[in-house]
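Single-structure report; data block below.
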Amino acid sequence: MNQKLEENPWWSMWVKPKETIRNIINYNHSYCFIWLCLLYGFIESVHIAQGLSLGGYLPMWITLLISIALAIPVGAISFSLTSLFVYWTGKLIKATGTYKEIRASVAWSNVTTMFSVILVAILIVTFGNAVFFRNFYEASFSSAKAIVLILILVVEVVLAIWRLVIFIKSLAEVQGCSGWMAFLNVILASVLASILYFSIILCLSFVGKASFMQ
Numbered sequence: 277m278n279q280k281l282e283e284n285p286w287w288s289m290w291v292k293p294k295e296t297i298r299n300i301i302n303y304n305h306s307y308c309f310i311w312l313c314l315l316y317g318f319i320e321s322v323h324i325a326q327g328l329s330l331g332g333y334l335p336m337w338i339t340l341l342i343s344i345a346l347a348i349p350v351g352a353i354s355f356s357l358t359s360l361f362v363y364w365t366g367k368l369i370k371a372t373g374t375y376k377e378i379r380a381s382v383a384w385s386n387v388t389t390m391f392s393v394i395l396v397a398i399l400i401v402t403f404g405n406a407v408f409f410r411n412f413y414e415a416s417f418s419s420a421k422a423i424v425l426i427l428i429l430v431v432e433v434v435l436a437i438w439r440l441v442i443f444i445k446s447l448a449e450v451q452g453c454s455g456w457m458a459f460l461n462v463i464l465a466s467v468l469a470s471i472l473y474f475s476i477i478l479c480l481s482f483v484g485k486a487s488f489m490q
């Protein structure tokens, strides 16, 4: 293993994902994993709070505390499951990456969430507790607030696109394949995850109906 990283991966990952992920893996597969879980998990926890409309039940500061408290486990579970799906489906295309290498790629491709957290902070300062409602993005706001929301959504789209680019390039490096094959790996993993998700929903639906009929 390398004694130290030659570059700061928080910045080099944006422009040199292949070289950066290789340096990270040679140094430590789990380098900054908890911090990445915290950033990504916080964003996901905020989305969950929005989906549950917690703004209608809890004060904003409590919702924020819950989102922060759940951030690391939510991020870790999300990264771990995604890595498993990519690892399993990668075998179909004869990919060579190990689970830990893939997990590093998954985690570090979400380095873009460092800016997503800033955007969420701007939303909270601008809109307050309204952020934690399910229909937040459908609500009507003043012209100034509407412009802020639109700009943030545009930046989020750009970040999402670049996150995918980083992921495909870094995944290609750890899987020992081309970018197109890495993209296929991502598609296969998404299909597998969707099948499992809808299978679970279907099973729960049948169980619920059976319990109701008894």
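For the sequence shown, the numbering used here begins at 277 and goes up steadily by one.
Even for Gly, the Cβ is constructed at its ideal location relative to N, Cα and C.
If you ignore the 5 residues before and after threonine 296, its C-beta comes within less than 6 Å of the C-beta of Pro285, Ser288 and Met289, all in its own chain and listed in chain order. Residue range 309 to 327 is occupied by the alpha helix (DSSP H) that includes cysteine 313. For threonine 358, the enclosing alpha helix (DSSP H) has its first and last residue at 336 to 366.
Residues Ala465, Leu468 and Ala469 of the same chain have their beta carbon placed closer than 7 Å to that of phenylalanine 361, with the five preceding and five following residues left out of the count. In chain order, Ser329 and Gly331 place their CB closer than 6 Å to the CB of phenylalanine 409, counting only its own chain and leaving out the 5 sequence neighbours on each side. The region 351 to 369 makes no contact with the region 431 to 438; the number of CB pairs closer than 8 Å stays below 3.
Judged by DSSP in its simplified three-state form, phenylalanine 391 adopts helix. Annotation: isoleucine 301 to cysteine 308 spans about 12 Å, alpha carbon to alpha carbon. Alanine 352 places its beta carbon 7 Å or farther from that of phenylalanine 318.
The continuous alpha helix (DSSP H) containing alanine 383 extends over residues 375 to 385. In this structure the region 446 to 455 lies against the region 365 to 376, because at least three pairs of beta carbons, one per stretch, are closer than 8 Å. The beta carbon of asparagine 461 sits closer than 7 Å to those of Val362, Thr365, Gly366, Ile369, Ala371, Leu447 and Gln451, all from its chain and outside the five residues before and after it, given in chain order. Taking C-beta atoms as the reference points, leucine 281 and asparagine 299 count as a pair closer than 7 Å.
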